[in-house]
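Reading through the structure tokens given below for one structure.
2 protein chains.
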Amino acid sequence: MREEPLHRYIADELRRQILDEHLVPGYQLPSEHELAQAFGASRGTVRQALNQLRGEGAIAARRGARWVVLAAPLVQSFSELLSFSAWARAEGHEPGGTEVELSRRRATQHDAETLNIAAGESIYRLLRVRTLSETPVMIERTTFIEPIGRLLVDLDLDSESIYEQLGDHGIVFARARHTIDAIPATAEDARLLDIPRRTPLLRQRRASTSQTGQPLEWSDDRYRGDVVAFVIDNTAMSGNLERLLAAEEDAESGESKLS
Amino acid sequence: MREEPLHRYIADELRRQILDEHLVPGYQLPSEHELAQAFGASRGTVRQALNQLRGEGAIAARRGARWVVLAAPLVQSFSELLSFSAWARAEGHEPGGTEVELSRRRATQHDAETLNIAAGESIYRLLRVRTLSETPVMIERTTFIEPIGRLLVDLDLDSESIYEQLGDHGIVFARARHTIDAIPATAEDARLLDIPRRTPLLRQRRASTSQTGQPLEWSDDRYRGDVVAFVIDNTAMSGNLERLLAAEEDAESGESKLS
DNA sequence: CAGTGGTCTAGACCACGTG
DNA sequence: ACGTGGTCTAGACCACTGA
Chain A
0 MREEPLHRYI ADELRRQILD EHLVPGYQLP SEHELAQAFG ASRGTVRQAL
50 NQLRGEGAIA ARRGARWVVL AAPLVQSFSE LLSFSAWARA EGHEPGGTEV
100 ELSRRRATQH DAETLNIAAG ESIYRLLRVR TLSETPVMIE RTTFIEPIGR
150 LLVDLDLDSE SIYEQLGDHG IVFARARHTI DAIPATAEDA RLLDIPRRTP
200 LLRQRRASTS QTGQPLEWSD DRYRGDVVAF VIDNTAMSGN LERLLAAEED
250 AESGESKLS
Chain B
0 MREEPLHRYI ADELRRQILD EHLVPGYQLP SEHELAQAFG ASRGTVRQAL
50 NQLRGEGAIA ARRGARWVVL AAPLVQSFSE LLSFSAWARA EGHEPGGTEV
100 ELSRRRATQH DAETLNIAAG ESIYRLLRVR TLSETPVMIE RTTFIEPIGR
150 LLVDLDLDSE SIYEQLGDHG IVFARARHTI DAIPATAEDA RLLDIPRRTP
200 LLRQRRASTS QTGQPLEWSD DRYRGDVVAF VIDNTAMSGN LERLLAAEED
250 AESGESKLS
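Sequences listed follow chains A and B, in order.
Here the first sequence stands for residues 0 to 258, numbered as in numbering that gives the first Met the number 0.
Here the second sequence stands for residues 0 to 258, numbered as in numbering that gives the first Met the number 0.
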């Protein structure tokens, strides 16, 4: 019945067995040849599935030896990554949001550079406080390019995921680059999250683009550091985490510099 | 002359062109057929290279249309990720370290669970303060399993990367899971980093395993939040970032809970 | 509708590990 | 020595994009 690529079916099946702990860390998988026969696929197709799981950090291979189970893979949903709502529901919480402000403005120099437009062009800025089970845990300050911002006006910004709703309009987010650091809560942050000033916040700055490389939005999200953490898997062959010196890009807030 | 897989040569070549900005975001790559001819490879080999670059967030594809350049990929060296020294040098800084303490202890309950050993077994704990150009920027509290810890005693822990030195002994780190959050500096943190108490720190807790899934170490690294940030790329097809609620695992430090 | 990427096959040779 | 994963080829069909 299913209209699904065979390599994905194989990957899903193996992932399910790992998550169900039928395959525990250290376990050796059957050889690619055996898997190919078992699934009625060619070896190339089996390898496509295995490489997918390797990218998720679930398994590893060494030449000459069989594939080995490393650990349960992360959930790995791209939508859960952009969307607070989708993530919260997957965690079993009731997501909420309070639209504090949606305004049309002219792009600052920073907006222009990040969104690849000219300074002074129209952009939309959205400020929301997101809640989990009534408790505010995150402040979201997002800047959208004009065509997307115009759509936002007609959307329900209070509770629904805007990314799901934008998807219905054919707006697809394909890629995002995240910069994560720790900063003290400003006076406004403290007021919105109902916490003391200078409480450590986990800040995630994000720039998202479409499938064709067109910048769609950038966002400055600040989480209560005592409630939310980020988890990243990476392996020797794949993974995309990098440390970075907090650069001079932030001339706005007086940052302390090295030497 | 070169003893290198063809698909890696192709990936390196295309990545170099993107980094050199010969290929700018939005640019359409030649078709897979054309690339195959240009590099004297089969289409399958070219696709292997393109999929590598897709995993790095550098390019994206849509059925029916050509591959599109998205952005410059991250450096993506696994060793730079584990190793403060390797990272610092790549950033053009002089890494330094002060070994504050290396001790042999009995595994706590948490050690035992993380390293998959029995509580009470021998482990080694290393505390280091790492510096960039003489300025302390990070505190590293690492716990190693006994066989690795024993090697540490003979290593130069003051300035060299222990991971590079362990590699010479055949100890290979293959996979790591990172949990990143923000916490206030404790009194000891503040003293070691020479900063005020409760300054926001970027905490990275890491668990590393070998190629066969054997846990090798876990670490609690705390960075000055105003100096170091983490950067992550992720795409709809690949990427491994996940938000997580700070769970009850940390019963040690009194964390505030949600409802 | 011509060209593109996505999927899949059947085979081949090699370098490496484990017994 | 044998089996394993890593690499590579040549060809096929399909779904989709874009002119």
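Glycine is no exception: its CB is placed at the ideal position from the N, C-alpha and C atoms.
All values reported here derive from a predicted model rather than from experimental measurement.
C-alpha gap between residue i and residue j, whole angstroms
{"i": "Leu154 of chain B", "j": "Pro4 of chain A", "result": "50 angstroms"}
{"i": "Phe77 of chain B", "j": "Ser207 of chain B", "result": "12 angstroms"}
{"i": "Pro24 of chain A", "j": "Ala111 of chain B", "result": "16 angstroms"}
{"i": "Val136 of chain B", "j": "Ala60 of chain A", "result": "36 angstroms"}
{"i": "Asp11 of chain A", "j": "Leu52 of chain B", "result": "23 angstroms"}
{"i": "Thr198 of chain A", "j": "Gly224 of chain A", "result": "8 angstroms"}
{"i": "Glu33 of chain A", "j": "Gln27 of chain A", "result": "13 angstroms"}
{"i": "Gln100 of chain A", "j": "Arg14 of chain A", "result": "Correcting the residue type first, residue 100 of chain A is Glu in the shown sequence and not Gln. Going from the Cα of Glu100 of chain A to the Cα of Arg14 of chain A covers about 42 angstroms."}
{"i": "Gln164 of chain A", "j": "Ile194 of chain B", "result": "45 angstroms"}
{"i": "Asp232 of chain B", "j": "Arg105 of chain B", "result": "39 angstroms"}
{"i": "Ile170 of chain B", "j": "Leu126 of chain B", "result": "20 angstroms"}
{"i": "Val226 of chain A", "j": "Arg190 of chain A", "result": "17 angstroms"}
{"i": "Val128 of chain A", "j": "Glu93 of chain A", "result": "14 angstroms"}
{"i": "Val68 of chain B", "j": "Thr113 of chain B", "result": "40 angstroms"}
{"i": "Gly212 of chain A", "j": "Asp19 of chain A", "result": "38 angstroms"}
{"i": "Thr185 of chain A", "j": "Ser82 of chain A", "result": "24 angstroms"}
{"i": "Ile58 of chain B", "j": "Arg65 of chain B", "result": "10 angstroms"}
{"i": "Thr130 of chain A", "j": "Arg174 of chain A", "result": "25 angstroms"}
Proximity to residue i [Cα-Cα], best of the options
{"i": "Ala71 of chain B", "options": "B:Gly56, B:Ala85 and B:Ser82", "result": "B:Gly56"}
{"i": "Ser121 of chain A", "options": "A:Arg103, A:Glu163 and A:Gly54", "result": "A:Arg103"}
{"i": "His168 of chain B", "options": "B:Pro183, B:Pro146 and B:Ile182", "result": "B:Pro146"}
{"i": "Arg88 of chain A", "options": "A:Leu69, A:Ser132 and A:Arg190", "result": "A:Ser132"}
{"i": "Arg204 of chain A", "options": "A:Trp217, A:Arg7 and A:Gln210", "result": "A:Trp217"}
{"i": "Ala235 of chain B", "options": "A:Asp220, A:Glu241 and A:Gln210", "result": "A:Gln210"}
{"i": "Ala228 of chain A", "options": "B:Gly212, B:Val230 and B:Leu201", "result": "B:Leu201"}
{"i": "Arg62 of chain B", "options": "B:Glu31, B:Ile138 and B:Glu79", "result": "B:Glu31"}
{"i": "Ser84 of chain B", "options": "B:Gly212, B:Asp188, B:Thr130 and B:Ser160", "result": "B:Ser160"}
{"i": "Asp220 of chain B", "options": "B:Val68, B:Gln16 and B:Thr142", "result": "B:Thr142"}
{"i": "Ala37 of chain A", "options": "A:His109, A:Ile9 and A:Arg149", "result": "A:Ile9"}
{"i": "Tyr222 of chain B", "options": "B:Gly212, B:Arg196, B:Glu241 and B:Leu192", "result": "B:Leu192"}
{"i": "Tyr123 of chain A", "options": "A:Thr134, A:Gln108, A:Arg140 and A:Ile144", "result": "A:Ile144"}
{"i": "Gly95 of chain B", "options": "B:Glu79, B:Thr134 and B:His109", "result": "B:Thr134"}
{"i": "Ile138 of chain A", "options": "A:Leu151, A:Gly166, A:Glu98 and A:Gln108", "result": "A:Glu98"}
{"i": "Ile17 of chain A", "options": "A:Leu49, A:Ser41, A:Gly43 and A:Thr44", "result": "A:Leu49"}
{"i": "Arg242 of chain A", "options": "B:Gly39, B:Val74, B:Arg42 and B:Ala40", "result": "B:Val74"}
{"i": "Ile179 of chain A", "options": "A:Gly43, A:Gly54, A:Val152 and A:Val230", "result": "A:Val230"}
Which of helix, strand or coil DSSP assigns to residue i
{"i": "Ala250 of chain B", "result": "Confidence in Ala250 of chain B is poor, its pLDDT being 36 and thus under 50, which makes the residue's placement unreliable; the coordinate value appears in the next sentence. Of the three classes helix, strand and coil, the one that applies to Ala250 of chain B here is coil, per DSSP."}
{"i": "Leu5 of chain A", "result": "helix"}
{"i": "Val128 of chain A", "result": "strand"}
{"i": "Ile231 of chain B", "result": "strand"}
{"i": "Glu139 of chain B", "result": "strand"}
{"i": "Gln213 of chain A", "result": "coil"}
{"i": "Ile170 of chain B", "result": "coil"}
{"i": "Ser218 of chain A", "result": "strand"}
{"i": "Leu257 of chain B", "result": "Interpretation of Leu257 of chain B is limited by its pLDDT of 45, a score under 50 that renders its predicted location unreliable; the figure taken from the coordinates is listed afterwards. Three-state result, Leu257 of chain B: coil."}
{"i": "Asp180 of chain A", "result": "strand"}
{"i": "Tyr26 of chain A", "result": "coil"}
{"i": "Leu81 of chain A", "result": "helix"}
{"i": "Thr208 of chain A", "result": "strand"}
{"i": "Gly43 of chain A", "result": "helix"}
{"i": "Thr100 of chain A", "result": "Strictly speaking, residue 100 of chain A in this sequence is Glu, with Thr absent from that position. Residue state, collapsed to three classes: strand."}
{"i": "Gly95 of chain B", "result": "strand"}
{"i": "Thr134 of chain B", "result": "strand"}
{"i": "Ala37 of chain B", "result": "helix"}
{"i": "Met0 of chain B", "result": "In this prediction, Met0 of chain B scores a pLDDT of 46, lower than 50, which makes its location untrustworthy; the coordinate-derived value is nonetheless stated afterwards. Looking at Met0 of chain B - three-state DSSP - the assignment turns out to be coil, as it is neither helix nor strand."}
Residue burial classification, residue i (beta-carbon count within 10 angstroms, cutoff 16)
{"i": "Ala118 of chain A", "result": "exposed"}
{"i": "Leu215 of chain B", "result": "buried"}
{"i": "Pro29 of chain B", "result": "exposed"}
{"i": "Ala181 of chain B", "result": "buried"}
{"i": "Arg7 of chain B", "result": "exposed"}
{"i": "His177 of chain A", "result": "buried"}
{"i": "Asp157 of chain B", "result": "exposed"}
{"i": "Arg1 of chain B", "result": "Because Arg1 of chain B sits at a pLDDT of 48, beneath the cut-off of 50, its placement in the model cannot be relied upon, and the following sentence gives the value as read from the coordinates. Its Cβ having fewer than 16 others within 10 Å, Arg1 of chain B is exposed."}
The ligand COA heavy atom lying under 6 angstroms from the CB of residue i
{"i": "Thr134 of chain B", "result": "Among the components modelled here there is no ligand, and therefore nothing to report on the ligand COA."}
Practice task
Using a Cβ-Cβ cut-off of less than 7 angstroms, list which residues of the region 32-49 of chain B approach chain A; keep chain order.
Solution key: none
Practice task
Mind checking the region 62-79 of chain B against chain A and listing, in chain order, the residues whose C-beta falls within less than 9 angstroms of any C-beta there?
Solution key: Ala64, Val67, Val68, Leu69, Ala70, Pro72, Leu73, Val74, Gln75, Ser76, Phe77, Ser78 and Glu79
Exercise for the section: Could you name the residues of the region 223-234 of chain B whose beta carbon sits closer than 9 angstroms to any beta carbon of chain A, in the order they occur along the chain? Expected result: Arg223, Gly224, Asp225, Val226, Val227, Ala228, Phe229, Val230, Ile231, Asp232, Asn233 and Thr234
Exercise for the section: Could you name the residues of the region 180-194 of chain B whose beta carbon sits closer than 8 angstroms to any beta carbon of chain A, in the order they occur along the chain? Expected result: Asp180, Ala181, Ile182 and Pro183
Handout entry: Contact set between the region 168-179 of chain A and chain B, restricted to residues whose Cβ is under 7 angstroms from the partner
Key = Ala173, Arg174, Ala175, Arg176, His177, Thr178 and Ile179
Handout entry: Residues, ordered as in the chain, of the region 11-35 of chain B that lie near chain A by beta-carbon distance below 7 angstroms
Key = If the cut-off is 7 angstroms between Cβ atoms, the region 11-35 of chain B has Pro24 and Gly25 near chain A.
Handout entry: Interface positions of the region 90-112 of chain A facing chain B (Cβ-Cβ less than 7 angstroms), listed along the chain
Key = Glu90
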